[in-house]
Structure formats: C-alpha cells, structure tokens
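**Q** Let me begin by handing over the structure; questions about it come next.
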Amino acid sequence: QPADMYTIRNLAAAAQQLKLPVVATNNVHYISPGQASQQRTLSAMRLNFRLDDLPPNAPAVVMR
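Residue numbering for the sequence shown follows our numbering, starting at 8 and increasing by one per position.
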C-alpha cells in the first residue's frame, strides 16, 4: 500500500534523526501465548461480538 510505505519511510526517518534503532516484526497483538484469552476478549469488545461469535481458531498473533 502506498500509504503504508509513506508511513514506514517517515517512521524510519524519525528513528534515524532520533538515533533510535528500527525493528521489524510480525503482526503482534500480545507478547506471550498466555495473553491470547485477553486479546480474544478485547477483540470481541472492539467488534461488539460475543466471545462465542469469534472464529474459534484465529491466527496466532504472538511475538516470535
């Protein structure tokens, strides 16, 4: 997406100017697998779904 590339370039430039390292990661929603239930609850709240209405096997979004 062009807008994503614009954002990435600006973030990288800001990091360079501030002398901060740049880190690339996967789509992380929580740090450890034990936090999956909290993330699932927050997702249900955000989507205004009941927990039972969320897909049972959502993809893993844990930091690797």
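We put the beta carbon where it would ideally sit given N, CA and C, even for glycine.
1. Indicate whether Ala31 and Tyr37 have their beta-carbon atoms separated by less than 8 Å.
2. What separation, rounded to the nearest whole angstrom, lies between the Cα atoms of Leu27 and Gln46?
3. Return yes when the C-beta of Leu61 is under 7 Å from any heavy atom of the ligand SAM, and no when it is not.
4. Just list the residues that DSSP pairs Tyr37 with in beta bridges.
**A** In terms of the structure at hand:
1. No, the pair does not count as a contact, with Cβ atoms beyond the cut-off.
2. Near 29 Å, if we compare the C-alpha coordinates of Gln46 and Leu27.
3. The ligand SAM is not part of the structure shown, which contains no ligands of any sort.
4. DSSP lists Val69 as partners of Tyr37.
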